[in-house]
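Per our numbering, the sequence shown starts with residue 1, numbered consecutively. Beta carbons are placed, not taken as given, at the ideal position from N, Cα and C, and that holds for glycine. Notes follow the structure.
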Amino acid sequence: MDIAVCGNPTLDEFIQKGRVRISPGGSALFVSGAATYLGARVGIIGNVGEDYPSSVLSWLKHHGLNLRLLKTTKGPSTRFRIGYFHGSRRLWLLQSGQPVESTWRAGRVDGLHLGPVFNEVSESLARSLRKKCRFMSLDIQGLVRKVDRLGEVQVLRRNLGTVLRLCDLVKASIEEAKFQTSSRDLRHVADRFLAMGPKYAIMTLGAKGSLLGIRDNRKLFIPAFPDGRIKDPTGAGDVYAGAWLSSYLWTKDPVWAASVGSAFGSLASERTGLSKFRISRRELFRRTSWVYNHVGSL
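Here is the structure:
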């Protein structure tokens, strides 16, 4: 393996015009799918339940993912219900999955991404996995979630210093980042994350683009590709993270990697489910070039 992704794949129920559509999801699936598309050899460390579709597992294997460390546990998979209302997303936890317990003993990888969705990746596991990789990235979303009495997911403020000290890259949505740092200034938000240890910090801004903070004091605005054909933005940030990690490990250029991530995220938003990875390579790198040529400083 070149890259390992740690987190539980999910089953997501989408509310659309009074109907429910079920689709595979989760950071682990979207990150690993994007990195695999770009040529990395990727494995998933996590759990699925007995209800997880065998057709999805077969698809992942067929496309080259290593599922040796993906366990099928007794009981149901992690499951969310997702609704988009007036342009904003609401998320309910229907079933939390089992905590991830890695049995990975031998070998090292170039990159490892921590992509929890609901507290399934512990700090002790993160410390153990840090010893297995040269570069570690983290999406904080699954570490800062709680549910209210109706099961709706809310953001929780949490001290992330211990786990961030293990990481080379931290990624968060701008809402999560502002909530964790108690700041609304984008540059200050990036500086707060970088001060905890990572070399790079990415804050996604939805359809507007993203902010890339680098420890050398650069703060860069990475635009989104200007295409309004958004069908399903679910997983776009995870696709961005997987594309960034794969591209960075290959080129060591964080700005080019962010451009690939932004372009891939825009293409993924035009599709649903696993079709997010049925995209044109030519179109991906056409969009990447456009994004790269429009990167600006903050």
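Can you check DSSP and say which residues form a bridge with residue i?
i: I45; result: C6
i: R223; result: Strictly speaking, residue 223 in this sequence is Pro, with Arg absent from that position. G209.
i: M1; result: M1 is not bridged to any residue.
i: W92; result: R81, E152
i: E13; result: I22, R81
i: V109; result: C133
i: V147; result: V153
Whose CA, out of the options, lies closest to the CA of residue i?
i: V109; options: I45, P116, Q154, F118; result: I45
i: A258; options: P9, P233, A224, L112; result: A224
i: R149; options: L93, D253, D191; result: L93
i: L60; options: S269, Y37, P116, K199; result: Y37
i: S54; options: P24, V20, A35; result: P24
i: L138; options: V155, G197, I82, E152; result: G197
i: I3; options: G18, F85, K17, G33; result: G33
i: T73; options: F85, P9, A28, L129; result: P9
i: S262; options: S289, D168, L65, R271; result: S289
i: P254; options: P226, N293, L212; result: L212
i: S96; options: S58, C133, L65, N47; result: N47
i: T272; options: S182, F30, K171; result: F30
Going by other Cβ atoms of all chains shown within 10 Å of its Cβ, with 16 needed for buried, is residue i buried or exposed?
i: R286; result: exposed
i: G299; result: Outside the shown range of the chain, which is 1 to 298, sits residue 299, and nothing can be said about it.
i: K231; result: exposed
i: I22; result: exposed
i: S269; result: buried
i: E101; result: exposed
i: E381; result: Since the first residue of the chain shown is 1 and the last is 298, residue 381 is not available in this structure.
i: F264; result: buried
i: H113; result: buried
i: L70; result: buried
* Could you tell me which uninterrupted alpha helix (DSSP H) segments, each at least 4 residues in length, are contained entirely in the region 171 to 214, listed from first to last along the chain? => Within the region 171 to 214, the complete alpha helix (DSSP H) runs of at least 4 residues are 174 to 181, 186 to 195.
* To do: Would you list, in sequence order, the uninterrupted beta strand (DSSP E) runs of no fewer than 3 residues that lie entirely inside the region 28 to 80?
  => 42 to 48, 70 to 72
* With a cut-off of 8 Å, do at least 3 Cβ pairs link the region 143 to 163 to the region 119 to 129? -> Touching, yes.
* Hey, is the region 230 to 237 in contact with the region 175 to 193, meaning 3+ C-beta pairs nearer than 8 Å? -> No, they do not touch.
* To do: Kindly confirm or deny that the region 244 to 261 and the region 10 to 22 touch, where touching means at least three C-beta pairs closer than 8 Å.
  => no
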